[in-house]
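Structure, as structure tokens:
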Amino acid sequence: MRQLALLSVVEEDTLREEFSHAGVAPEEARLALEKRYGDLLEETLEFDRQLVSFQANKTEILHSWVKYREGFSADLVESLLARFDIHPGDRILDPFAGSGTTLLVSQLLGIDAVGIDLLAHCHLAWEAKAQVFNYDLEELRHIRQLVLEKTPPATADKFPHLRITWSAFPTQTERDLMAYTHWFETLDINAQSKILCKMILTSNLEAISYTRKGGQYLRWDQRAEKIRERNKKRLAQGEKPIQGMHKGCLPGVKEAFLEALEKIIIDAQLLQKSPPPPSMQRLVKGNTLYVLPKMEAEQFDGVITSPPYANRYDYTRTYALEEAYLGIGKDIFKLRQRQISCTVENRPKLAALAELYRSIGKYGRYEHVLDTARHNQALIEVNQALQMREARGEVNNSSILRMIEQYFTELTFVFAELYRTCKHGAQVAFVNDNVRYAGEVIPVDLLCTNLAEQVGFAPVKIYVLPQRKGNSSQQMAKYGRVALRKSVIIWQKE
Ligand SMILES: C[S@@+](CC[C@H](N)C(=O)[O-])C[C@H]1O[C@@H](n2cnc3c(N)ncnc32)[C@H](O)[C@@H]1O
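To get the working numbering, take the position in the sequence shown, counting from 1, and add 364.
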């Protein structure tokens, strides 16, 4: 793994002054946060964009088996574990575990870890990667040979499409996919190998399909029937056809499977030569908001995590193919609602949360946390600023207001539960991006630090990545470009 340069520089514009474009809304509370935590902001080359995103994992042994764009890199986790002085015997938590990077690095270092996530394909990814030291390599080579030499029998099984995934594959590819799926389930191979085969098929879905992940939705190839049908209608109505992209020649199921399996065999062979010290990791399938409150207090030595950002990105749409393939069906709507509120479709979760806390005899805790979020001056200011923008007709979707309020309220519950479940001395690393809506900058890093402090944590540092993020083209055209921070935030339970 890559060694990190311990070089850090503070740049003048790490601090910024204009939170509300053209001074439309009050900004005192946000300025007060900047004043309070300004000394903690440190622009550093130690955490660059590659390290804090999945990019660095793309070529990593084992971590590259599943591409999860929203993930952070194994190097980042390793660096934070070293910084937090976490050793074998300690226990780490990742309440938004995604593809399991935190758990996997912990496993490789012999550190215990618990993760929580909702997505089925993330669980499958973890189940398959976590077994790397246990795979029967002879059997994997046997599977490779079988796939090379045999054609799986056709099956009547159909891909369990959702409305938004219909026509995502060329017809023959979809038939092959289901044939291989059925074949692997019935082959005389062990259960671990079956899980691995399913994981490979799942992680190849994008590559073999007419879709590409990017932005908030799946992008579609112009050859997909869905696009062709839509264009027929558009033309009939005298409208311009949708362009759609062209992905070029798509790999077949067999070809993509063999390529992935080949790499896995090489990685597993290498890793099995030096297994790590024994340790325990567990990925809980559930909603962090409801799982954390039931967890035992003071058990974690550190937290490394990155929640969904407050940027309207919908995991259930981006990963619709994978979730559909794994049988989510109509439950996709429930899954969307269970995610932390980061899309305009998310409805409030407070009634369910109140019920949960009541059911475990901790309603007082619920009231206290809710009170903390509701009385946070900066959050009140952000909510009011967005209301003012909406009254001026500047917010392009009024549900953004609800999303922002819910997002920070829900995170306050997470912070309070992290505080409760951490041991004294434990540190938390929280990766997030600042955002801007309708000319109002929301300093997510400062606001989260403030909320975390109000539930008990001591703020330690806010590492700022040297490359900032831009804004959407509409925002840039209207309000100018504001460089938004991407931060690795550190707090401690003292
Ligand atoms: C930024 S990704 C985490 C990626 C992870 N660090 C990795 O390296 O793969 C955020 C994750 O939070 C999960 N998530 C969102 N809301 C959740 C909730 N309420 N409970 C549990 N997980 C949730 C999403 O499914 C997503 O996988």
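Each residue gets a CB set at the ideal place from its N, CA and C atoms; glycine is no exception.
Applying the criterion that 16 or more other CB atoms from any shown protein chain within 10 Å of the CB defines a buried residue, is residue i buried or exposed?
i, result
"cysteine 786", "buried"
"leucine 504", "buried"
"leucine 473", "buried"
"tryptophan 530", "exposed"
"glycine 479", "buried"
"glutamate 376", "Caution is warranted here: a pLDDT of 45 is assigned to glutamate 376, below 50, making its placement in the model unreliable, and no coordinate value can be reported."
"lysine 562", "buried"
"proline 516", "buried"
"glycine 671", "Residue 671 is actually proline in this sequence, not glycine. Classification for proline 671: buried."
"isoleucine 724", "exposed"
"asparagine 675", "buried"
"glutamine 367", "With a pLDDT of only 33 at glutamine 367, under 50, the local geometry of the prediction cannot be trusted, and no value is derived from it."
"asparagine 740", "buried"
"isoleucine 464", "According to the sequence as given, residue 464 is glycine; it is not isoleucine. Label assigned to glycine 464: buried."
"threonine 545", "buried"
"isoleucine 564", "buried"
"threonine 320", "As shown, the chain starts at 365 and ends at 858. That puts residue 320 outside it, with no answer to give."
"phenylalanine 697", "exposed"
"valine 373", "The pLDDT assigned to valine 373 is 38, lower than 50, so where the model puts this residue is not dependable, and the model offers no usable value."
"asparagine 761", "exposed"
"proline 641", "exposed"
"histidine 385", "buried"
"glutamine 580", "exposed"
"alanine 518", "exposed"
"glycine 757", "exposed"
"lysine 590", "buried"
"cysteine 613", "exposed"
"threonine 535", "exposed"
"leucine 457", "buried"
"lysine 857", "buried"
"lysine 850", "buried"
"arginine 583", "exposed"
"asparagine 554", "exposed"
"leucine 371", "Note on leucine 371: pLDDT 34, under 50, position unreliable in the model; the coordinate value appears next. Exposed: under 16 other Cβ atoms inside 10 Å."
"serine 567", "buried"
Where DSSP assigns a beta bridge to residue i, which residues make up the other side?
i, result
"cysteine 613", "Its beta-bridge partners do not exist; DSSP assigns none."
"lysine 577", "Leu582"
"lysine 649", "Asp481"
"serine 851", "Asn796 and Val828"
"leucine 881", "Because residue 881 is not part of the residues shown, which for the chain are 365 to 858, the question remains open."
"phenylalanine 664", "Cys786"
"proline 641", "Note: proline 641 sits in no beta bridge, so no partner."
"arginine 455", "Asp476"
"threonine 669", "Phe794"
"alanine 822", "Gln856"
"isoleucine 806", "Val799"
"serine 909", "With the chain represented from 365 up to 858, any question about residue 909 goes unanswered, as that position is not in the structure."
How close, in whole Å, do the beta carbons of residue i and residue j come, if the pair is a contact with beta carbons under 8 Å?
i, j, result
"leucine 647", "tryptophan 429", "With a Cβ gap of about 15 Å, leucine 647 and tryptophan 429 do not count as contacting."
"phenylalanine 779", "isoleucine 853", "Actually they are not in contact, since the Cβ atoms of phenylalanine 779 and isoleucine 853 sit about 11 Å apart, beyond 8 Å."
"serine 417", "serine 437", "7 Å"
"tyrosine 426", "leucine 488", "Just to set this straight, residue 426 is leucine in the shown sequence, not tyrosine. In fact, because the Cβ distance is near 15 Å, the residues do not count as touching under 8 Å."
"isoleucine 475", "aspartate 449", "Not confirmed; about 11 Å, so no contact."
"serine 643", "proline 452", "6 Å"
"threonine 537", "valine 617", "6 Å"
"isoleucine 826", "leucine 404", "5 Å"
"aspartate 439", "alanine 461", "Not quite, the Cβ-Cβ distance comes to about 17 Å (not below 8 Å), so this is no contact."
"aspartate 412", "proline 830", "7 Å"
"valine 799", "valine 667", "The pair is not a contact, with the Cβ atoms about 22 Å apart (cut-off 8 Å)."
"phenylalanine 821", "leucine 653", "Not really, about 18 Å apart at Cβ, beyond 8 Å."
"leucine 810", "leucine 395", "In fact, because the Cβ distance is near 10 Å, the residues do not count as touching under 8 Å."
Contact criterion: CB-CB distance below 8 Å. Does residue i meet it with respect to chain C?
i, result
"isoleucine 628", "This model lacks chain C altogether; it includes just one protein chain."
The segment 795-807 in contact with the segment 677-684 per 3-pair CB rule at 8 Å
no
Is the segment 712-726 close to the segment 491-498, with three or more CB pairs under 8 Å?
no
Can you confirm whether the segment 663-674 touches the segment 773-789 when touching is taken to mean that 3 or more C-beta pairs between the two stretches lie within less than 8 Å?
yes
Is the segment 697-705 touching the segment 764-781, taking contact as three or more C-beta pairs under 8 Å?
yes
Does the segment 807-815 come close enough to the segment 685-698 to have 3 or more Cβ pairs within less than 8 Å?
no
Would you call the segment 587-604 and the segment 624-634 in contact, with 3 or more CB pairs under 8 Å?
no
Please confirm if the segment 385-400 is in contact with the segment 751-761, defined as three or more CB-CB distances below 8 Å between the two stretches.
yes
Can at least three beta-carbon pairs, one atom from the segment 569-583 and one from the segment 531-543, be found at a separation below 8 Å?
yes
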